[in-house]
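Structure, as structure tokens:
Number of protein chains: 4
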Amino acid sequence: MRELPDTGDDGAPTRRRSERSHRAIVTATQELLVERGYRALTIEGVAARAGVGKQTIYRWWPSRAALVLEAYLAGSDEVVRPRTRTSTCADVRALLDWLVAVLTQPIGGRVLAGLVSDLKDDTELAERFQRDVVPARRQAMLAALERGRERGEIRADADLELAVDALHGAVFYRLLLSGAPLDAAFTKRLASQVLLGLSSGFVPIGD
Amino acid sequence: MRELPDTGDDGAPTRRRSERSHRAIVTATQELLVERGYRALTIEGVAARAGVGKQTIYRWWPSRAALVLEAYLAGSDEVVRPRTRTSTCADVRALLDWLVAVLTQPIGGRVLAGLVSDLKDDTELAERFQRDVVPARRQAMLAALERGRERGEIRADADLELAVDALHGAVFYRLLLSGAPLDAAFTKRLASQVLLGLSSGFVPIGD
Amino acid sequence: MRELPDTGDDGAPTRRRSERSHRAIVTATQELLVERGYRALTIEGVAARAGVGKQTIYRWWPSRAALVLEAYLAGSDEVVRPRTRTSTCADVRALLDWLVAVLTQPIGGRVLAGLVSDLKDDTELAERFQRDVVPARRQAMLAALERGRERGEIRADADLELAVDALHGAVFYRLLLSGAPLDAAFTKRLASQVLLGLSSGFVPIGD
Amino acid sequence: MRELPDTGDDGAPTRRRSERSHRAIVTATQELLVERGYRALTIEGVAARAGVGKQTIYRWWPSRAALVLEAYLAGSDEVVRPRTRTSTCADVRALLDWLVAVLTQPIGGRVLAGLVSDLKDDTELAERFQRDVVPARRQAMLAALERGRERGEIRADADLELAVDALHGAVFYRLLLSGAPLDAAFTKRLASQVLLGLSSGFVPIGD
DNA sequence: AAGTAACCGAGACGGTACGTCCGGTCTTTGG
DNA sequence: CCAAAGACCGGACGTACCGTCTCGGTTACTT
């Protein structure tokens with residue numbers, strides 16, 4: 043989110059950010075997000091929990107949302123990405139299951155909903171989110187689909203980006219809006235039905 | 043949103059809710075949402091704009107989010123729903139375009155993002171949202187797909203609810219998360235690609 | 043405080059005040075004064091306790107202070123005035139003890155302090171208080187002193203009104219300001235010392 | 043009223059109380075007391091007039107009454123205490139005139155009445171008032187009477203504290219309760235009549 | 001006996017102030 | 001110069017009451 047001080051050769055003593063404070067702040071943010079949720083997270087609360095002055099937070103993060111984004115990213119890598127690669131459909135299903143797992147972690151959906159709300163009022167944050175976070179999540183899925191195309195399972199003219207929109211969109215839609223369950227049955231049917239629309243029509247894709 | 047007191051024979055009859063204040067509050071909320079957005083909306087601001095005491099708002103709405111939901115719904119019917127019914131694909135496209143139009147209204151996406159964030163902390167509101175708002179939006183799309191199935195354009199065993207998840211999900215995903223454009227090209231390709239996955243394989247769909 | 047409807051000969055149908063409500067209001071006021079004190083007394087609280095609409099209170103009393111004054115007076119006659127008349131000094135002491143008893147009743151000092159505070163902002167109430175309440179309390183003391191003068195125990199040119207100011211003033215001063223105890227030793231010494239200043243110098247006073 | 047944080051060696055060194063804000067708050071309180079009186083004084087009003095956040099007031103004063111007490115004391119020293127010392131009676135009269143002058147200042151009686159009312163509901167404030175304010179006012183009078191006793195004008199066994207109760211009590215009684223005038227004639231007769239009760243009977247005290 | 005007008009309970013209304021919380025900035029002191 | 005501590009101004013929170021204003025329902029007098 044923010045780089046450590048460059049001890050570059052420009053000779054200036056520059057800033058000496060306390061790594062201890064940095065870690066304490068991010069950790070406190072994660073804990074409070076889990077314990078109380080996004081809405082109840084306050085800078086004062088983070089500062090108190092981290093044993094840090096408020097100014098130290100304001101010095102390094104431009105907004106609460108930026109802090110939460112960093113804490114969120116730092117904590118979301120705990121669920122390991124699947125690496126199966128057996129069939130396109132199996133890969134897609136595994137990736138959907140992984141996405142669901144990430145989003146239903148304690149820190150997952152609730153925080154994401156809060157962030158989504160702040161993106162609408164914070165252009166800079168929105169840019170960073172759409173540049174760093176969104177593509178990172180899409181990439182693995184896109185790669186799986188491209189492998190499917192190379193194997194001939196997926197039509198050459200299929201719009202794979204659009205397919206990721208539909209796959210991920212359906213997951214987020216249930217998570218954030220409809221409240222419908224995010225279970226294995228859902229991901230299984232979602233994967234097969236969307237892949238049907240991408241299939242070359244000759245090679246069967248089913249599971 | 044909130045019913046008038048039941049004129050049942052149990053309670054004493056007393057002064058009723060002022061419809062004038064009710065309207066003024068909802069209107070003020072809509073105006074302030076357009077002018078300043080969800081984040082900057084305060085109960086005090088609404089009360090001042092509406093020329094109303096704060097208590098009058100707290101008396102009838104349990105939370106800011108509930109008020110916003112009512113204002114949102116009261117103002118979202120301005121875009122008229124399409125009634126085409128020429129072909130399944132055309133219908134789906136028209137409904138997607140309608141959804142996009144509704145969501146890109148001045149009051150649309152920004153407010154929705156805010157609401158979505160509050161749903162995570164307000165169970166009662168979430169229930170109402172998922173009972174009243176979500177199905178209302180899905181229904182027309184579902185009906186269009188069912189007509190397609192009756193005509194034989196769509197497989198009998200296709201999961202239509204899932205298809206709506208994918209269609210609407212893709213739209214909301216772009217609106218709230220990826221920031222990708224919501225244009226006519228998008229809705230066109232989305233409709234045809236998803237419908238391909240639902241097609242019976244014999245009757246061609248799409249244009 | 044407020045007269046009942048005069049069924050005068052002016053022919054007007056006039057008002058028909060509910061005596062039941064009147065009593066309920068005064069009683070509720072007294073109870074709440076004892077339970078919570080002057081500061082915590084609210085019109086809404088009285089109305090709720092009395093099972094009465096707020097308007098019924100506002101219709102008959104111009105202010106909270108006026109209501110409290112009525113409730114105070116209605117409840118302060120429970121301590122019976124002494125009628126001794128043995129000696130001037132004994133009479134004065136008895137009357138001081140009576141005053142102290144009245145003021146240390148549960149409803150006494152705390153309410154008086156509150157009223158005193160409101161007199162400064164409510165001219166009409168102040169007038170009524172100084173016309174009805176104050177002289178009623180002074181009268182018995184003044185009569186006792188006048189009897190002393192007639193007997194020759196008190197100088198003919200002594201300022202008896204001033205003496206009452208000093209006697210009562212000392213009591214209220216301890217009650218409201220200094221917090222010093224209002225016990226029998228105090229009243230005894232106060233009576234004899236003040237009476238010394240009034241004595242004719244020939245006839246001994248005091249015990 | 044409130045001490046600055048102890049610069050003991052236990053606590054961390056940090057930002058101290060702003061003397062600028064302190065003064066602004068006290069001054070604003072005094073002005074508003076004069077302009078509108080005790081009843082109309084609100085914390086919000088003081089904060090607005092002083093250009094200060096409400097929290098800054100709540101941080102340093104536990105109640106409105108405590109703030110008023112400080113403002114009252116800070117402003118009551120404008121009338122200089124007399125230092126005559128000619129005769130006991132003249133001294134007493136001068137001190138009574140001084141007390142009357144202090145209490146009839148614009149900020150005087152109205153504020154005192156309000157404070158008196160709050161003392162009944164605020165034990166801590168009452169203690170401070172009775173420890174700091176009351177004795178300060180009594181002391182000069184007591185000293186004058188003691189000088190009189192040393193000179194032989196006042197009986198050795200006279201209760202001087204009680205005499206101050208009577209002298210001051212009469213003044214406050216007129217101010218707060220009876221509304222009778224506080225003029226020079228009053229103080230003159232009060233002084234001489236009370237002193238008569240204290241006199242040794244041999245040395246004349248009159249003026 | 002019906003009409004009617006004031007009174008009643010209930011409580012919604014536009015407001016004001018409460019005391020608290022937090023945002024974002026500023027100041028102090030020490031490392 | 002950074003960091004902790006936390007005071008500062010500002011502003012919104014949700015609550016409590018204010019005094020006024022409808023509402024039917026009730027009651028006691030008039031007609």
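Chains as they are written, first to last, in the numbering used here: chain Y, 43 to 249; chain R, 43 to 249; chain A, 43 to 249; chain L, 43 to 249.
Yeah, the Cβ is synthetic: ideal placement off N, Cα and C, and Gly gets one too.
Just so you know, these numbers come straight off a predicted model, no measurement behind them.
What residues from chain L crowd round residue i, counting only those whose CB sits closer than 9 Å?
i, result
"residue 221(A)", "161, 168, 169, 171, 172 and 176"
List the residues of chain L whose Cβ lies closer than 7 Å to the Cβ of residue i, in chain order.
i, result
"residue 207(A)", "212, 215 and 216"
Against residue i, what residues of chain A qualify as contacts under a CB-to-CB distance less than 7 Å, listed in chain order?
i, result
"residue 139(L)", "What residue 139(L) touches in chain A: nothing, since even the nearest Cβ is about 16 Å away."
"residue 152(L)", "162"
Using the beta-carbon of each residue, which ones in chain A are nearer than 9 Å to residue i?
i, result
"residue 235(L)", "200, 201, 204, 205, 208, 236, 239 and 240"
Taking residue i as the query, report the chain R residues whose CB atoms sit under 7 Å from its CB, ordered along the chain.
i, result
"residue 107(Y)", "Chain R residues near residue 107(Y): none, gap ~10 Å exceeds 7 Å."
Since residue i is in the alpha helix (DSSP H), which residue starts that stretch and which ends it?
i, result
"residue 96(L)", "96-102"
"residue 88(R)", "85-92"
"residue 228(L)", "226-240"
"residue 114(A)", "106-117"
"residue 176(L)", "176-192"
"residue 139(L)", "130-145"
"residue 160(R)", "151-161"
"residue 222(Y)", "That residue, residue 222(Y), is in no alpha helix (DSSP H); it is neither H nor E in DSSP."
"residue 215(R)", "202-215"
"residue 72(Y)", "61-78"
"residue 126(R)", "Careful: residue 126(R) lies outside any alpha helix (DSSP H) and carries neither H nor E."
"residue 250(L)", "No answer is possible for residue 250(L): it lies beyond the span of chain L, which begins at 43 and ends at 249."
Should residue i and residue j be called a contact, given that it needs their Cβ atoms to be closer than 8 Å?
i, j, result
"residue 110(L)", "residue 63(L)", "no"
"residue 214(R)", "residue 224(Y)", "no"
"residue 42(R)", "residue 155(Y)", "Coverage of chain R is limited to positions 43 through 249, which leaves residue 42(R) absent and any answer about it impossible."
"residue 138(L)", "residue 202(L)", "no"
"residue 108(L)", "residue 124(L)", "no"
"residue 130(A)", "residue 168(A)", "no"
"residue 200(R)", "residue 236(R)", "no"
"residue 211(R)", "residue 82(Y)", "no"
"residue 96(R)", "residue 152(Y)", "no"
"residue 239(Y)", "residue 239(R)", "yes"
"residue 140(A)", "residue 121(A)", "yes"
"residue 198(R)", "residue 191(R)", "yes"
Is there a C-beta anywhere in chain L that falls below 8 Å from the one on residue i?
i, result
"residue 245(A)", "With a pLDDT of only 43 at residue 245(A), under the threshold of 50, the placement of this residue in the model should not be trusted, and no figure is reported."
"residue 135(A)", "no"
"residue 158(A)", "yes"
"residue 43(A)", "Annotation note: pLDDT 41 at residue 43(A) (below 50); position unreliable, coordinate value reported separately. Not one chain L Cβ lies under 8 Å of residue 43(A)."
Give me whichever residues DSSP pairs with residue i in a beta bridge.
i, result
"residue 196(L)", "241(L)"
Is there a C-beta anywhere in chain R that falls below 8 Å from the one on residue i?
i, result
"residue 155(Y)", "yes"
"residue 117(Y)", "no"
Please check if any C-beta of chain A sits within less than 8 Å of the C-beta of residue i.
i, result
"residue 232(L)", "yes"
"residue 229(L)", "no"
I want to verify the contact list: residues of chain Y whose CB lies under 7 Å from the CB of residue i, in sequence order.
i, result
"residue 93(R)", "Ordered by position in chain Y, no residue passes the 7 Å Cβ test against residue 93(R), which lies about 27 Å from the chain."
For residue i, which residues in chain R fall below 9 Å Cβ to Cβ?
i, result
"residue 79(Y)", "162 and 163"
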